Each structure stands twice: as C-alpha cells, then as structure tokens.
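Participant: Just so we're aligned, residue 32 is where the sequence shown starts under the working numbering, counting upward by one.
Glycine included, C-beta positions come from ideal geometry on N, C-alpha and C.
Treat the numbers as computed from the prediction; the structure is a model and nothing was measured.
Attaching a single structure in structure tokens format; questions to follow.
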Amino acid sequence: MAEAKQSMNILVTGGAEGVGLAAVRALLQRGHKVAATACDAEGALAVRMAGALPVFPDLGRASEIASALAMTKAEAIVHAGPQYYGGSPQAADRFSAYSNELVNVTAAVAEAAKQHGVMRIVSLSFGYLYEAGHGAAKEGDHDAREGDYAPMLQSESLIRASGLSGTIVRGGYIYGGNSADTAALADAIKGSRRLPAGAAPASWIHEDDLAAAIAALLE
C-alpha cells in the first residue's frame with residue numbers, strides 16, 4: 032500500500048461511482064480516512080464495499096455539506112461531482128438540463144468548505160473547456176466561450192474565488208469500470224446501436240489514472 036505523507040480525513044463528493052469511487056479507493060490505499068457522498072442505497076453500498084463511510088447530504092445545501100464535513104472531521108475535499116459532465120463527448124447534452132445544478136452544487140461545496148475551514152480542495156473539471164487546437168492543450172491556453180460550457184467555467188470561477196487552497200483538475204473524458212457512461216457505451220455496442228460520432232478532437236483518461244493524480248495533488 033502506498034503510504035500518504037500525512038493521513039487526512041477527506042470527503043469525496045460524487046464518491047459512489049466513476050472517478051469519485053476510484054478516488055475513494057486511491058485515497059484509502061494511501062492511508063487516508065475517507066467519507067463519500069451517496070444518493071441511494073446502491074451508492075452507499077459501493078462506498079462501504081470500497082472501505083469508506085457513506086454520507087447523504089443534499090449537495091445543493093451548504094449547511095448539510097458543512098454538517099457532513101464536521102461529522103467526518105474532514106480536512107480536505109475532492110469535488111468529483113462534475114464528473115457527470117465528462118464521461119463521454121455526448122455528456123455535453125446534459126448542460127442544458129443540469130447547468131444550474133452544477134453551479135449550485137459547486138457553490139454549496141465551496142461555501143461549506145470555507146465554513147468548516149478545510150485545508151485543501153481538489154475540484155474536477157475538463158479539458159474540453161480549452162479552445163480546440165492542433166496540439167495538446169496546456170495551462171494558460173484560451174478557454175472556449177461557447178454557451179454550453181459556461182456553467183463549467185462558472186463552477187471553476189467559484190472555486191477560484193472561494194479563497195480555498197487547492198487545485199482544479201481539467202481531465203479528459205473519463206472511462207472505466209465505475210463509469211455509468213462507459214457502461215452505457217458498452218451496452219450500445221452490444222446492442223449494435225449507433226454510437227455518437229464527430230470530427231472534433233477529444234482526449235480520454237482512465238478513472239484510476241485521474242484518481243491517482245487527484246490523490247497526489249491532495250498531498
């Protein structure tokens with residue numbers, strides 16, 4: 032088991048699936064104490080099976096998140112909730128329906144983190160926010176300003192403006208065994224259904240690799 036530099040109590044939002052669940056496992060393997068948010072019994076079971084504590088705050092209410100932070104004595108947060116907007120290229124379709132939820136949840140997480148006084152936060156975002164170019168995107172490149180991506184950019188701004196110490200991680204589209212989007216694509220292939228296609232460039236990252244990066248950034 033990889034040992035953490037210093038064991039911390041960590042709360043993972045969106046920790047019942049996808050990169051959130053992968054981050055739970057990675058952090059536990061490094062010796063941290065982890066709690067993760069879940070929204071149903073199935074998610075809670077996944078968190079427990081990983082070895083973490085499931086908690087059930089309303090992620091749109093800062094007071095409930097703050098209570099979860101206090102109960103778990105959390106010193107750091109992994110905000111993996113935005114993962115639902117980056118499981119596959121067609122996930123961009125969710126912005127129109129859930130854009131307000133993304134912004135409200137991130138605002139509540141940031142407010143609760145400030146109230147509780149967490150030491151660090153790592154918040155998930157996505158590389159598709161960079162303007163498409165011919166080479167790999169790098170920090171400092173111009174952001175895309177298309178309306179569809181405005182909620183994710185606004186969520187990043189909320190984290191930056193919060194005054195919290197931490198990092199925003201722009202990953203590629205996420206795939207892996209914990210991902211509902213990966214499972215949906217697999218089902219589509221098995222069912223010989225037509226898959227989404229396009230000419231725009233896209234980068235991908237396995238949930239375990241992204242989780243390892245998140246764990247390293249917290250330390």
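Near K64, what residues of its chain come up, given a Cβ to Cβ distance below 6 Å and the 5 sequence neighbours on each side ignored?
Facilitator: Hits under 6 Å: N40.
Participant: Here's a check: name, in chain order, each residue in its chain whose Cβ is nearer than 7 Å to the Cβ of R79, leaving out the five neighbours to either side.
Facilitator: These residues qualify, in order along the chain: P85.
Participant: Taking its Cβ as the centre, do 16 or more other Cβ atoms sit within 10 Å of L76, making it buried, or is it exposed?
Facilitator: Answer is exposed; the Cβ neighbour count stays below 16.
Participant: Got a sec, what are the start and stop residues for the alpha helix (DSSP H) K64 sits in?
Facilitator: Here K64 belongs to no alpha helix (DSSP H); instead the beta strand (DSSP E) covers K64 to T68.
Participant: Look up R61 in the DSSP assignment and say whether it is helix, strand or coil.
Facilitator: Residue state, collapsed to three classes: coil.
Participant: Give me the Cα-Cα distance between A278 and V55, rounded to the nearest whole angstrom.
Facilitator: As shown, the chain starts at 32 and ends at 250. That puts residue 278 outside it, with no answer to give.
Participant: Which residues mark the beginning and the end of the alpha helix (DSSP H) in which P182 is found?
Facilitator: Run containing P182: A181 to A192, per the alpha helix (DSSP H) assignment.
Participant: Look at the Cβ atom of G118, then the Cβ atom of G45, and state whether they are nearer than 9 Å.
Facilitator: Contact flag unset, no.
Participant: With distances taken Cα to Cα, identify the nearest neighbour of Y204 among E48, A83, R151 and Y159.
Facilitator: Comparing Cα-Cα distances from Y204 to each of E48, A83, R151 and Y159, the minimum goes to Y159.
Participant: Quick one: Cα of Q146 to Cα of H237, how far?
Facilitator: Taking the straight line from one Cα to the other gives about 33 Å.
Participant: Among A228, T68, P182 and L90, which residue has its Cα nearest to the Cα of N131?
Facilitator: N131 has its Cα closest to that of P182, out of A228, T68, P182 and L90.
Participant: Who are the Cβ neighbours of S196 in its own chain at under 8 Å, not counting the five residues just before and after it?
Facilitator: Contacts found: M150, R151 and I152.
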